[in-house]
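Numbering (our numbering), first residue to last: 183 to 367.
Single-structure report; data block below.
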(Lines of atoms letter the chains of each structure in order from A and count residues from 1; the text may use other names and numbers.)
(Lines give C-alpha, C1' and ligand atoms only; values in the text may rest on other atoms or scores of the structure.)
Protein backbone atom coordinates (compact mmCIF):
# COMPACT_ATOMS: atom_id res chain seq x y z
CA UNK A 1 0.00 0.00 0.00
CA UNK A 2 1.34 3.42 -0.96
CA UNK A 3 1.68 6.16 1.60
CA UNK A 4 0.47 9.59 0.72
CA UNK A 5 2.95 12.40 1.03
CA UNK A 6 2.30 14.88 3.81
CA UNK A 7 3.36 17.66 1.44
CA UNK A 8 0.65 18.56 -1.02
CA UNK A 9 1.90 18.58 -4.59
CA UNK A 10 2.07 22.06 -6.03
CA UNK A 11 0.22 22.40 -9.24
CA UNK A 12 2.33 24.24 -11.81
CA UNK A 13 0.16 26.44 -13.98
CA UNK A 14 1.52 29.27 -16.13
CA UNK A 15 0.51 32.00 -13.67
CA UNK A 16 1.26 30.11 -10.45
CA UNK A 17 3.93 30.95 -7.89
CA UNK A 18 5.75 27.69 -8.68
CA UNK A 19 5.89 28.60 -12.38
CA UNK A 20 7.22 32.06 -11.53
CA UNK A 21 9.92 30.59 -9.27
CA UNK A 22 10.92 28.09 -11.95
CA UNK A 23 11.09 30.87 -14.55
CA UNK A 24 13.19 33.00 -12.16
CA UNK A 25 15.62 30.13 -11.62
CA UNK A 26 15.94 29.54 -15.35
CA UNK A 27 16.43 33.26 -15.94
CA UNK A 28 19.20 33.46 -13.31
CA UNK A 29 20.95 30.42 -14.79
CA UNK A 30 20.80 31.83 -18.31
CA UNK A 31 22.01 35.25 -17.11
CA UNK A 32 25.05 33.55 -15.54
CA UNK A 33 25.70 31.60 -18.75
CA UNK A 34 25.39 34.74 -20.89
CA UNK A 35 27.95 36.68 -18.85
CA UNK A 36 30.81 34.70 -20.39
CA UNK A 37 30.06 35.33 -24.07
CA UNK A 38 29.33 38.99 -23.31
CA UNK A 39 32.66 39.27 -21.51
CA UNK A 40 34.48 37.47 -24.37
CA UNK A 41 32.85 39.72 -26.96
CA UNK A 42 33.97 42.78 -25.01
CA UNK A 43 37.52 41.46 -24.78
CA UNK A 44 37.54 40.57 -28.49
CA UNK A 45 36.28 44.06 -29.38
CA UNK A 46 38.98 45.70 -27.25
CA UNK A 47 41.61 43.37 -28.75
CA UNK A 48 40.42 44.17 -32.25
CA UNK A 49 40.62 47.90 -31.55
CA UNK A 50 44.17 47.56 -30.22
CA UNK A 51 45.14 45.42 -33.22
CA UNK A 52 43.75 47.91 -35.75
CA UNK A 53 45.37 50.87 -33.98
CA UNK A 54 48.68 49.00 -33.88
CA UNK A 55 48.32 48.22 -37.57
CA UNK A 56 47.65 51.87 -38.44
CA UNK A 57 50.45 53.15 -36.21
CA UNK A 58 53.01 50.66 -37.51
CA UNK A 59 52.15 51.46 -41.14
CA UNK A 60 52.44 55.19 -40.48
CA UNK A 61 55.84 54.52 -38.89
CA UNK A 62 56.89 52.61 -42.03
CA UNK A 63 57.30 49.28 -40.22
CA UNK A 64 54.02 47.35 -40.63
CA UNK A 65 53.38 44.57 -38.14
CA UNK A 66 52.47 41.40 -40.04
CA UNK A 67 50.15 39.70 -37.57
CA UNK A 68 47.69 42.56 -36.92
CA UNK A 69 45.52 41.92 -39.99
CA UNK A 70 45.12 38.23 -39.19
CA UNK A 71 44.54 38.98 -35.50
CA UNK A 72 41.83 41.50 -36.38
CA UNK A 73 40.16 38.99 -38.70
CA UNK A 74 40.18 36.21 -36.08
CA UNK A 75 38.80 38.50 -33.37
CA UNK A 76 36.13 39.78 -35.77
CA UNK A 77 35.01 36.21 -36.48
CA UNK A 78 34.63 35.59 -32.74
CA UNK A 79 32.63 38.81 -32.34
CA UNK A 80 30.31 37.87 -35.23
CA UNK A 81 29.64 34.36 -33.97
CA UNK A 82 29.16 35.47 -30.36
CA UNK A 83 26.75 38.12 -31.68
CA UNK A 84 24.75 35.52 -33.59
CA UNK A 85 24.19 33.55 -30.41
CA UNK A 86 23.40 36.67 -28.40
CA UNK A 87 20.86 37.91 -30.94
CA UNK A 88 18.57 34.99 -30.26
CA UNK A 89 18.32 35.71 -26.52
CA UNK A 90 15.64 38.30 -27.07
CA UNK A 91 14.35 37.01 -30.42
CA UNK A 92 16.14 39.85 -32.20
CA UNK A 93 16.93 37.73 -35.21
CA UNK A 94 15.41 38.44 -38.57
CA UNK A 95 11.76 37.40 -38.66
CA UNK A 96 9.15 37.77 -41.36
CA UNK A 97 6.29 39.08 -39.26
CA UNK A 98 4.52 41.01 -42.01
CA UNK A 99 3.47 37.82 -43.78
CA UNK A 100 2.48 36.18 -40.52
CA UNK A 101 0.02 38.99 -39.80
CA UNK A 102 -1.71 38.12 -43.08
CA UNK A 103 -2.05 34.44 -42.17
CA UNK A 104 -5.08 32.83 -40.52
CA UNK A 105 -5.16 32.79 -36.72
CA UNK A 106 -4.21 29.05 -36.37
CA UNK A 107 -1.03 29.68 -38.38
CA UNK A 108 -0.21 32.74 -36.24
CA UNK A 109 -0.61 30.63 -33.11
CA UNK A 110 1.78 28.01 -34.48
CA UNK A 111 4.37 30.60 -35.57
CA UNK A 112 6.38 30.62 -32.30
CA UNK A 113 6.61 26.81 -32.37
CA UNK A 114 7.63 26.77 -36.03
CA UNK A 115 10.19 29.50 -35.30
CA UNK A 116 11.64 27.58 -32.35
CA UNK A 117 11.77 24.22 -34.15
CA UNK A 118 13.38 25.55 -37.33
CA UNK A 119 15.85 27.77 -35.47
CA UNK A 120 16.93 25.04 -33.07
CA UNK A 121 17.17 22.63 -36.03
CA UNK A 122 19.40 25.11 -37.86
CA UNK A 123 21.63 25.58 -34.82
CA UNK A 124 21.93 21.81 -34.34
CA UNK A 125 23.12 21.60 -37.95
CA UNK A 126 25.62 24.45 -37.31
CA UNK A 127 26.77 22.67 -34.13
CA UNK A 128 27.39 19.40 -35.98
CA UNK A 129 29.17 20.93 -38.98
CA UNK A 130 31.10 23.40 -36.81
CA UNK A 131 32.27 20.57 -34.55
CA UNK A 132 33.38 18.58 -37.61
CA UNK A 133 35.34 21.63 -38.81
CA UNK A 134 37.06 22.00 -35.43
CA UNK A 135 37.95 18.29 -35.33
CA UNK A 136 39.39 18.55 -38.85
CA UNK A 137 41.47 21.59 -37.81
CA UNK A 138 42.76 19.73 -34.75
CA UNK A 139 43.62 16.58 -36.73
CA UNK A 140 45.43 18.51 -39.47
CA UNK A 141 47.32 20.74 -36.99
CA UNK A 142 46.23 23.77 -39.03
CA UNK A 143 47.89 27.03 -37.95
CA UNK A 144 47.27 30.68 -38.75
CA UNK A 145 49.81 31.96 -41.27
CA UNK A 146 50.97 35.04 -39.34
CA UNK A 147 50.04 34.37 -35.71
CA UNK A 148 50.85 30.65 -35.89
CA UNK A 149 48.03 29.82 -33.47
CA UNK A 150 45.97 26.65 -33.86
CA UNK A 151 43.05 27.43 -36.19
CA UNK A 152 40.65 25.44 -34.03
CA UNK A 153 40.83 28.36 -31.57
CA UNK A 154 39.07 30.41 -34.25
CA UNK A 155 36.90 27.59 -35.61
CA UNK A 156 35.45 26.74 -32.21
CA UNK A 157 33.50 30.00 -32.39
CA UNK A 158 31.08 28.28 -34.81
CA UNK A 159 29.84 25.48 -32.50
CA UNK A 160 30.00 27.89 -29.54
CA UNK A 161 27.61 30.24 -31.34
CA UNK A 162 25.29 27.31 -32.09
CA UNK A 163 25.09 26.38 -28.40
CA UNK A 164 24.48 30.04 -27.49
CA UNK A 165 21.80 30.28 -30.19
CA UNK A 166 19.99 27.19 -28.90
CA UNK A 167 20.12 28.56 -25.35
CA UNK A 168 18.84 31.89 -26.67
CA UNK A 169 15.83 30.30 -28.37
CA UNK A 170 15.07 28.31 -25.23
CA UNK A 171 15.31 31.52 -23.21
CA UNK A 172 12.91 33.23 -25.63
CA UNK A 173 10.43 30.37 -25.23
CA UNK A 174 10.61 29.96 -21.46
CA UNK A 175 11.44 33.40 -20.09
CA UNK A 176 10.22 35.85 -22.74
CA UNK A 177 7.43 34.14 -24.71
CA UNK A 178 5.80 37.51 -25.45
CA UNK A 179 8.71 38.29 -27.81
CA UNK A 180 7.66 35.44 -30.08
CA UNK A 181 4.01 36.41 -30.40
CA UNK A 182 2.79 37.73 -33.74
CA UNK A 183 1.13 41.10 -33.43
CA UNK A 184 -2.46 41.31 -34.60
CA UNK A 185 -3.43 43.83 -37.26
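Glycine is no exception: its CB is placed at the ideal position from the N, C-alpha and C atoms.
Open item on the list: Looking at residue 270: is its Cβ nearer than 8 angstroms to the Cβ of residue 354?
Closed with: yes
Open item on the list: Closest to residue 328 by C-alpha separation, out of 235, 242 and 250, would be which residue?
Closed with: 250
TODO: May I ask you to report which of helix, strand or coil DSSP gives residue 329?
DONE: coil
Open item on the list: Helix, strand or coil, according to DSSP, for residue 211 in the structure here?
Closed with: helix
Open item on the list: If the criterion is Cβ atoms closer than 8 angstroms, does the pair residue 256 and residue 350 meet it?
Closed with: no
Task: Between the CA atoms of residue 311 and residue 301 - distance to the nearest angstrom - done: 15 angstroms
TODO: Could you give the DSSP three-state label for residue 233: helix, strand or coil?
DONE: helix
Task: Cβ-based burial, residue 219 [other Cβ within 10 Å; buried from 16] - done: Per the 10 Å Cβ criterion, buried.
Open item on the list: Measuring alpha carbon to alpha carbon, tell me which residue in 303, 295 and 330 is nearest residue 347.
Closed with: 303
- [ ] Please go through the same chain and pick out, in chain order, the residues whose beta-carbon is closer than 6 angstroms to the beta-carbon of residue 315, but skip the five residues on each side of it.
- [x] 337, listed in sequence order.
TODO: Compare the Cα-Cα distances from residue 262 to each of 352, 213, 341 and 358 and report the closest residue.
DONE: 341
TODO: From the DSSP output, in three-state form, read off residue 311 for me.
DONE: helix
Task: residue 345 in three-state terms, based on DSSP - done: helix
Task: Residue range of the alpha helix (DSSP H) that includes residue 324 - done: No alpha helix (DSSP H) contains residue 324, which DSSP labels as neither H nor E.
Open item on the list: residue 266 and residue 313 - do their beta-carbons sit closer together than 8 angstroms?
Closed with: For residue 313 and residue 266, no; Cβs fall outside 8 angstroms.
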